[in-house]
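In the UniProt record's numbering, the protein residues as written are 1 to 303.
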């Protein structure tokens, strides 16, 4: 399994140069059965990461470009009357895919954004009074532009909380950018990617995440982290029980990716910024800056 995971990360790394840590975070999110939010400037490789994951993991892939005039039916689908049969027939929307890229989700209205809520949480959609299951595995990668850019609608807290992780790719390293200048074309590399696993193997990997052991002392550390966010005057909103579970699941996936069957404090610390940054809030706004202080303020071993 470890060799397979390393090959997956390496394949994606040939397309998304110099971003191994972010690739591992995205893979950990998928193995945790969560959903991923990528917040960054245009042109940083967000779409490339989503497409590469789908290619290497053998997942059906659809991309939706969110716009201000988009309707919920554009995502989940719509029933259309067919004269030949005299009946309504449901036409599936792009949400009926194993990996859905919701590109620039914060350019659509809150009503359209909320259309993804049931799909992401329940892995099903309800249309015309009928519930339809989504494919397994089901993984949403949403991208959003910084809120200071024009034409954006901030995601409400309830929508943000549906994402297990939020990451940022950032600018490429000097070496990676030089490789781009010298003719390494990510789009050409993307077309050459072959599936490393099938759906059954991917689901087996997801099941293995739950088998990663967490000792009592490790859970004590996790509890202290969570309690600190709820009691610290720096945090206007601390981690909810769902946020705490998300942190545990993500840490287990991170340990599995690195070939361990047990959790270490370093696993929690590796995923903490991505899992907690969009859930914590301070009086100054976003809680990303709180996470670094949180790791220094809470000891791994209780005093």
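We put the beta carbon where it would ideally sit given N, CA and C, even for glycine. Values in this document were obtained by computation on a predicted structure and should not be read as measured data.
Report task. Would you identify the three-state DSSP class for residue 278, choosing helix, strand or coil? Result -> coil
Query raised in the report: Taking the runs of the alpha helix (DSSP H) that are 4 residues or longer, which of them lie wholly in the stretch 31 to 90?
Result: 46 to 57, 73 to 76
Query raised in the report: For residue 296, which three-state DSSP category applies?
Result: helix
Query raised in the report: Grouping DSSP H, G and I as helix and E and B as strand, with all else coil, what is residue 1?
Result: coil
Requested in this report: Apply the 10 Å Cβ neighbour rule to residue 175 and answer buried if 16 or more other Cβ atoms are within range, or exposed otherwise.
Outcome: exposed
**Report entry** Cα-Cα separation, residue 30 to residue 166
**Finding:** 12 Å
Query - Neighbour-count burial assignment, residue 2, 16 or more Cβ in a 10 Å radius - result: exposed
**Report entry** Exposure label - residue 374; buried when at least 16 CB within 10 Å
**Finding:** Here the chain covers residues 1 to 303 and nothing more, so residue 374 does not appear.
Query raised in the report: Taking DSSP as the reference, what is the three-state secondary structure of residue 153?
Result: coil
Query raised in the report: Would you say residue 19 and residue 45 are within 9 Å of each other, going by their C-beta atoms?
Result: yes
Report task. Sort out for me which residues DSSP pairs residue 213 with in a bridge. Result -> 262
Report task. Return the first residue and the last residue of the beta strand (DSSP E) that residue 166 is part of. Result -> 165 to 167
Report task. Helix, strand or coil for residue 96, going by three-state DSSP, please let me know. Result -> coil
Query - Option in 26, 34, 13 with minimal Cα separation from residue 245 - result: 34
Requested in this report: Report the option in 213, 242, 214, 216 whose CA atom is closest to the CA atom of residue 226.
Outcome: 242
Query raised in the report: In terms of DSSP beta bridges, what is residue 109 paired with?
Result: According to DSSP, residue 109 bridges with nothing at all.
Query raised in the report: Does the pairing of the stretch 185 to 201 with the stretch 266 to 279 give three or more beta-carbon distances under 8 Å?
Result: no
Report task. Would you identify the three-state DSSP class for residue 138, choosing helix, strand or coil? Result -> coil
**Report entry** Residues near residue 347 by beta carbon distance below 6 Å, same chain, minus five either side
**Finding:** In the structure as shown, the chain begins at 1 and stops at 303. Residue 347 is therefore absent and cannot be evaluated.
Query raised in the report: Name the DSSP bridge partner or partners of residue 103?
Result: 65
Query raised in the report: Counting along the chain, where does the alpha helix (DSSP H) carrying residue 177 start and finish?
Result: 174 to 181
Query raised in the report: What did DSSP end up calling residue 9 once you bin it into helix, strand or coil?
Result: helix
Query raised in the report: Looking only at DSSP bridge pairs, what is residue 130 linked to?
Result: 127
Report task. May I have the straight-line CA-CA distance separating residue 102 from residue 36, to the nearest angstrom? Result -> 10 Å
Report task. Could you check what DSSP says for residue 237 in three-state terms: helix, strand or coil? Result -> strand
Query raised in the report: When we look at the beta-carbon of residue 39 and count the other beta-carbons within 10 Å, is it buried (16 or more) or exposed?
Result: buried
Report task. Inspect the beta-carbon positions of residue 169 and residue 250 and report whether they are closer than 9 Å. Result -> no
Query - Cβ neighbours of residue 206 in the same chain (closer than 7 Å, five flanking residues each side left out) - result: 31, 33, 137
Query raised in the report: In or out: residue 108 buried (at least 16 other Cβ within 10 Å) or exposed?
Result: buried
Query raised in the report: Which partner residues of residue 143 appear in the DSSP bridge assignment?
Result: 38
Query - With 16 other Cβ atoms within 10 Å as the buried cut-off, status of residue 111 - result: exposed
Query raised in the report: How is the alpha helix (DSSP H) around residue 187 delimited, first residue to last?
Result: 186 to 191
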